[in-house]
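Scroll down for the structure; my scribbles are underneath it.
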Amino acid sequence: MLTLEGINQYYGGSHILRNVSLEAKLGEVTVVLGRNGVGKTTLLKSLMGVVPVKTGTIRLDGGDITRDPPYERVRKGVGYVPQGREIFGRLTVQENLAMGLAYKPGSTPVPAELFELFPVLKQMINRRGGDLSGGQQQQLAIARALAAGPKLLILDEPTEGIQPSIIKDIGRVIRMLADRGTMAIVLVEQYYDFAAELADQYIVMERGEIVQRGRGKDMEAEGARQRVSI
Ligand SMILES: Nc1ncnc2c1ncn2[C@@H]1O[C@H](COP(=O)(O)OP(=O)(O)OP(=O)(O)O)[C@@H](O)[C@H]1O
Ligand SMILES: [Mg+2]
Numbered sequence: 135m136l137t138l139e140g141i142n143q144y145y146g147g148s149h150i151l152r153n154v155s156l157e158a159k160l161g162e163v164t165v166v167l168g169r170n171g172v173g174k175t176t177l178l179k180s181l182m183g184v185v186p187v188k189t190g191t192i193r194l195d196g197g198d199i200t201r202d203p204p205y206e207r208v209r210k211g212v213g214y215v216p217q218g219r220e221i222f223g224r225l226t227v228q229e230n231l232a233m234g235l236a237y238k239p240g241s242t243p244v245p246a247e248l249f250e251l252f253p254v255l256k257q258m259i260n261r262r263g264g265d266l267s268g269g270q271q272q273q274l275a276i277a278r279a280l281a282a283g284p285k286l287l288i289l290d291e292p293t294e295g296i297q298p299s300i301i302k303d304i305g306r307v308i309r310m311l312a313d314r315g316t317m318a319i320v321l322v323e324q325y326y327d328f329a330a331e332l333a334d335q336y337i338v339m340e341r342g343e344i345v346q347r348g349r350g351k352d353m354e355a356e357g358a359r360q361r362v363s364i
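Under our numbering, the first residue of the sequence shown carries the number 135, and numbering increases by one thereafter.
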């Protein structure tokens with residue numbers, strides 16, 4: 135579904151991503167692990183087109199999207215759940231969800247299925263985003279990304295600062311979405327156990343480079359935990 139080839143990225147003079155290549159398949163969760171500052175968010179921003187890549191190619195479903203602006207990538211089926219959630223605090227839950235559909239002409243109703251995945255959002259539908267707990271905001275951010283029906287869902291540290299019970303709920307939803315086989319999921323995480331439980335494929339980054347990769351079931355035996363433990 136998603137193929138990255140030889141991605142290089144710079145902020146000013148610093149070389150942030152070094153020759154990153156990876157493939158994320160339909161029906162699989164691809165976990166990207168790495169300590170603080172190794173370039174995980176930069177990788178996702180490059181994928182989303184929030185920062186333009188210097189060299190390399192990004193393909194979605196075979197089509198080259200390397201130079202597409204972010205809204206075009208959304209239209210083509212990329213759903214992005216940014217680090218820190220970036221919920222619109224003064225907009226209601228309903229309005230936040232509608233933002234996920236804003237790229238479509240006219241008004242499209244929010245898919246009812248989102249409320250089956252995250253029932254709490256139905257209860258909170260008229261509350262302001264800013265009044266939700268961190269965990270509820272995270273669920274809202276995921277639902278907003280799902281509103282457009284993405285083929286590729288990318289999530290940046292969805293467990294950050296969230297209580298364990300909601301982490302479990304989010305994990306269940308991610309697994310279920312992958313198991314449908316119609317979506318590829320790229321999950322950036324620092325919470326090793328959460329990542330390990332979901333990983334079909336794993337990738338470890340250090341200083342902008344992929345230093346290790348393999349199948350999720352092998353990641354413990356291959357020492358991925360030691361690579362990312364702080
Ligand atoms: N806008 C920017 N301008 C300059 N340097 C930046 C910018 N954003 C990030 N960096 C630097 O790029 C490197 C990679 O940052 P990035 O946010 O991608 O890391 P990360 O792996 O997501 O970290 P974390 O786990 O803390 O979220 C870091 O050294 C960071 O300081
Ligand atoms: Mg980050």
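By construction, the Cβ of each residue, glycine as well, lies at the ideal position given by its N, Cα and C atoms.
None of the values given here were measured: they were computed from a predicted structure.
CB of residue i within 7 Å of CB of residue j, strictly
| i | j | result |
| --- | --- | --- |
| A312 | V163 | yes |
| K179 | V166 | no |
| R278 | L321 | no |
| L235 | T242 | yes |
| Q271 | R306 | no |
| Q228 | I259 | yes |
| R169 | E343 | no |
| L138 | L160 | no |
| I296 | G268 | yes |
| M353 | Y325 | no |
| L286 | L177 | no |
| G315 | G264 | no |
| G190 | I141 | yes |
| G183 | D202 | yes |
Rounded C-alpha distance that separates residue i from residue j
| i | j | result |
| --- | --- | --- |
| E323 | V338 | 10 Å |
| K238 | V212 | 14 Å |
| L289 | R262 | 22 Å |
| I300 | L225 | 22 Å |
| R347 | E340 | 12 Å |
| V172 | K188 | 18 Å |
| V244 | I304 | 20 Å |
| L181 | I192 | 7 Å |
| E294 | F328 | 11 Å |
| G350 | V185 | 29 Å |
| D195 | A318 | 10 Å |
| V154 | A275 | 27 Å |
| G240 | Y205 | 16 Å |
| D97 | G357 | With the chain covering 135 to 364 only, the question about residue 97 has no answer from this structure. |
| K256 | G146 | 44 Å |
Near ligand 1: residue i beta-carbon under 6 Å from a heavy atom
| i | result |
| --- | --- |
| G171 | yes |
| Y325 | no |
| I150 | yes |
| Y145 | yes |
Cβ-heavy atom distance, residue i to ligand 4, below 6 Å
| i | result |
| --- | --- |
| Y214 | No copy of ligand 4 appears in this structure; the ligands present are ligand 1 and ligand 2. |
- Anything with a beta carbon under 7 Å from a heavy atom of ligand 2 counts; list them all in chain order. Here the list is K174, T175, Q217, D290, E291, V322.
- Looking at C-beta atoms only, is the number of pairs between the region 198–211 and the region 248–255 that lie closer than 8 Å three or more? Not touching, per the Cβ criterion.
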